[in-house]
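>
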Amino acid sequence: MFILVVFSVLPEAAGAEGASLSIYPMTGSFTVGSTFDVSIFLNTGGENVNAVRVDLKFDPEKLQVVTPAKGLSAVGVWVFPPSFSNTKGEISLQGGFLGKGINTSEGLISVIVFEAIASGRTEVNFLDSSQVLVGEVEGVNILTSVNRGVYDIIPSPPKGPKIFSESHPDQNEWYKNNSPTFSWEKIEGVMGFSYKLDDDPFGEPDNTIDTESTSVSFDRVEDGILYFHLKAKKGEVWGGTSHFRVMIDTAPPLSFKPYSEPFSLTAGDYLLIYFASSDLLAGIDHYEVRIADLTDPEHITFSGWTRQDSPFRISTQNKGIFSVIIRAFDRAGNFQEEKIQVRVFSPPLVLVEGGGPN
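For the sequence shown, the working numbering gives the first residue as 38, with consecutive numbering after it.
1) Given a cut-off of 8 angstroms on the beta-carbon distance, is the pair I200 and L267 in contact?
2) Going by Cα to Cα distance, which pick from P192, L331 and L291 is closest to L317?
3) Quick check on DSSP: helix, strand or coil for V43?
4) Rounded to the nearest angstrom, how far is the Cβ of N162 from that of K271, given a contact under 8 angstroms?
5) Along the chain, where does the beta strand (DSSP E) that runs through F67 open and close?
6) Spatial neighbours of S340 within its chain, please: CB distance less than 7 angstroms, with the 5 preceding and 5 following residues excluded, ordered by chain position.
7) Name, in chain order, the residues that DSSP records as bridge partners for N162.
8) Once DSSP output is grouped into helix, strand and coil, what is the label at S76?
9) With a CB to CB cut of under 6 angstroms and the five nearest residues on each side skipped, what residues in its chain are close to K196?
10) By a C-beta neighbour count over all protein chains shown, 10 Å radius and 16 as the cutoff for buried, is D367 buried or exposed?
11) Compute the distance between the beta-carbons of K400 and T159, then report whether it is under 8 angstroms.
12) Give me the Cα-Cα distance between D260 and Q208, rounded to the nearest whole angstrom.
13) Evaluate E203 with the Cβ neighbour count: other Cβ atoms within 10 Å of its Cβ, from every protein chain shown; 16 or more gives buried, anything less gives exposed.
14) Using C-beta distances below 6 angstroms, list every residue in its chain close to I128, excluding the 5 sequence neighbours before and after it, in chain order.
15) At a cut of 8 angstroms, does the stretch 229-236 reach the stretch 248-265 through at least three beta carbon pairs?
16) With C-beta atoms as the reference, is S216 less than 8 angstroms away from L145?
17) Using only alpha-carbon positions, find the residue among P192, I285 and D165 that is nearest to G31.
18) I need the boundaries of the beta strand (DSSP E) containing G144, first residue and last residue.
19) Quick check on DSSP: helix, strand or coil for F293?
20) Starting from R350, trace the beta strand (DSSP E) both ways and give me its first and last residue.
21) I'd like to know whether the C-beta atoms of T332 and I310 end up nearer to each other than 8 angstroms.
22) Between the alpha carbons of I139 and V274, how many angstroms are there, rounded?
23) So, is N355 buried or exposed, given that buried needs 16 or more other C-beta atoms within 10 angstroms?
24) For the beta strand (DSSP E) containing H280, name the first residue and the last one.
25) Which residue's Cα is closest to the Cα of E56: E143, K107, P334 and A111?
26) Using the Cα positions of N80 and G133, report the straight-line distance between them to the nearest angstrom.
27) Please state whether DSSP places S120 in a helix, a strand or coil.
28) Rounding to the nearest angstrom, what Cα-Cα distance links A288 and A319 in this structure?
29) Straight-line CA distance for S252 to F230?
30) Going by the DSSP bridge assignment, what does A365 pair with across the sheet?
31) So what does I190 bridge to, in DSSP terms?
32) On the three-state DSSP scale, how would you describe E127?
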C-alpha cells in the first residue's frame, strides 16, 4: 500500500551513505530554436527510498520547458502532477514508490524537454527543497549530493541563401540548355559560399569556401534531373543548405516511322497518317505537321507548321505528290523529324511511300 509522504526538510538518517540526484547530460551545446532532453536520475545510495521531490531552477530568458515529464519513469505514483513555470523558471516533480520503495543506483525520475530560446551560457540547478525520503510514515531526507547542467546556447545558423537561375528559371520545366547558371542573394557578413551540383535532392556541400561571389556557371553538364546545393559561412558558423533543381534534356525524341493503313493503296476522300514517338527524359510534348507539294519539282511549295495529333488527315481530292513532314517535340524543346510521301492519282488512288524534302 502506498502512503502519502509529507515533504519537509529533516535531518539525514544516521549511518546512511546518502542519496544523490543528477542531471544528464551535464553539459551540451544547442542552437537557438532547438529542443533537447534533460534526464533526472536518482541514486538511492543503497537505501530503500519511498519518495522523491525534485525542484529545479532554470533561466527562463534562455530556456523554456516544453514538457516537464516525458517517457518512462521509476516513479510509481506522482503525488502531484509534474508542474512548471516558464515565467519563474521553475520545475517541480513529486512522486512516490510503491511497496517497500526503490533501491537503485540509476533510477530515471523524468525526462524534461527544454527549448533553447536565446544564446548564451545557462544552467539547470537543483533547489535546496529537493529531497530523497526514506520511511513510510515519517520520511527522512537522505539526499546528500546533486550536480547541475551547464549548457551553451549558440545562435541558430542562418538559413540557406535564396537561389535563382536566369538560364533555368523554372524548377518544374525541362531545358535543352546544358550550361546552367545560378545566382543567389548577397548576405551581410558572409565570408563565402560552398556549393555542389549533383543528382541528390538532399545533397550537402562540404565545409570549404568555394567562392565569395554570388553566381556560378557550369558548362555541358549531364542530362537528367540535377540539384544545385548552396550554403554560406558567416563568422565560424555554416548556415543551412538551399537547393535548386534543374531538369536538362539535350537529346531529341526517339526516331519513329509514320505509316498509313492500308499501307499502299487507299480509296476515299482522305488518308490517315499515323505517328508516335517517345522520349526517355523530358517526355513528348506535342507534334507539328506540314505538307510539301512535290508535284512540280521546280516549284515545291510548303504549308505552314501546325500542331496536330495522330492520325493526321490528308485529303485525296488534290492530285499530285506530297510529302507529310512530322516533328515530335519533347518538353525541353528538342525535336525529331520524320516524313512520309503520298502520291494521289485520278481516280482517287493513293500510293504511300517514304521520303521527301524538308
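Every residue gets a Cβ at the ideal spot worked out from N, C-alpha and C, and that includes glycine.
These figures come from a predicted structure and were not determined experimentally.
By the coordinates alone:
1) Along the sequence shown, one-based indexing puts residue 200 at 163. Along the sequence shown, one-based indexing puts residue 267 at 230. A contact, by the Cβ cut-off of 8 angstroms.
2) The residue labelled residue 317 in the question sits at position 280 within the sequence shown. Comparing Cα-Cα distances from L317 to each of P192, L331 and L291, the minimum goes to L291.
3) To locate residue 43, count along the sequence shown from 1; it is residue 6. Because the pLDDT at V43 is just 36, under 50, the model does not fix this residue reliably, and the point stays unresolved.
4) What you label residue 162 is simply residue 125 of the sequence shown in a count that begins at 1. What you label residue 271 is simply residue 234 of the sequence shown in a count that begins at 1. Contact doesn't hold; Cβ gap of about 33 angstroms is too wide.
5) As a working note, residue 67 is residue 30 in the sequence shown. Unbroken beta strand (DSSP E) run through F67: T64 to T68.
6) Locating residue 340 in the sequence shown gives position 303, where the first residue counts as 1. Same-chain partners within the cutoff: R327 and I328.
7) Taking the first residue of the sequence shown as position 1, residue 162 is located at position 125. Paired residues: K94 and R185.
8) Along the sequence shown, one-based indexing puts residue 76 at 39. S76 falls in the strand class under three-state DSSP.
9) As a position in the sequence shown, residue 196 is number 159, starting the count at 1. If we look at K196 and ignore the five residues flanking it on each side, its Cβ neighbours are G277.
10) Looking up residue 367 in the sequence shown gives position 330. It counts as buried.
11) The structure shown does not extend to residue 400, since the chain is modelled only from 38 to 395, so the question has no answer here.
12) Taking the first residue of the sequence shown as position 1, residue 260 is located at position 223. Taking the first residue of the sequence shown as position 1, residue 208 is located at position 171. Their Cα atoms are separated by approximately 15 angstroms.
13) If you number the sequence shown from 1, residue 203 lands on position 166. With fewer than 16 Cβ atoms within 10 Å of its Cβ, E203 is classed as exposed.
14) On the sequence shown, position 91 is the one that residue 128 refers to. Around I128: L93, P105 and F121.
15) yes
16) The residue you call residue 216 lines up with position 179 of the sequence shown. The residue you call residue 145 lines up with position 108 of the sequence shown. Against a cut-off of 8 angstroms, the Cβ pair of L145 and S216 comes out as no contact.
17) The requested residue 31 is not part of the displayed model; the chain covers only 38 to 395.
18) Your numbering for residue 144 matches position 107 in the sequence shown. Note, G144: beta strand (DSSP E), G144 to A153.
19) Position 256 of the sequence shown, counted from the first residue, corresponds to residue 293. Coil.
20) Here the question's residue 350 lines up with position 313 in the sequence shown. Note, R350: beta strand (DSSP E), F349 to S352.
21) Walking along the sequence shown from the start, residue 332 turns up at place 295. Walking along the sequence shown from the start, residue 310 turns up at place 273. Contact: no.
22) Residue 139 sits at position 102 when you count from the first residue of the sequence shown. Residue 274 sits at position 237 when you count from the first residue of the sequence shown. Cα to Cα, I139 sits roughly 46 angstroms from V274.
23) Taking the sequence shown and counting its residues from 1, the one referred to as residue 355 is at position 318. By the neighbour-count rule (16 or more Cβ atoms within 10 Å), N355 is not buried but exposed.
24) The residue labelled residue 280 in the question sits at position 243 within the sequence shown. H280 -> beta strand (DSSP E) spans S279 to I285.
25) Taking the first residue of the sequence shown as 1, we reach residue 56 at position 19. Checking the sequence shown, residue 56 turns out to be Ala, not Glu. For A56, the nearest C-alpha among the options comes from E143.
26) As a working mapping, residue 80 is identified with position 43 in the sequence shown. As a working mapping, residue 133 is identified with position 96 in the sequence shown. Using only the alpha carbons, I get a separation of about 15 angstroms.
27) In the sequence shown, counting from the first residue as 1, residue 120 sits at position 83. DSSP places S120 in strand when its eight states are reduced to three.
28) Your numbering for residue 288 matches position 251 in the sequence shown. Your numbering for residue 319 matches position 282 in the sequence shown. Roughly 9 angstroms between the two C-alpha positions.
29) The residue given as residue 252 occupies position 215 in the sequence shown. The residue given as residue 230 occupies position 193 in the sequence shown. S252 and F230: Cα-Cα distance of roughly 10 angstroms.
30) Numbered from 1 along the sequence shown, position 328 holds the residue referred to as residue 365. Beta-bridge pairing links A365 to Y324 and Q373.
31) Counting from 1 along the sequence shown, the entry for residue 190 is found at position 153. Answer is F67 and G157.
32) Taking the first residue of the sequence shown as 1, we reach residue 127 at position 90. Of the three classes helix, strand and coil, the one that applies to E127 here is strand, per DSSP.
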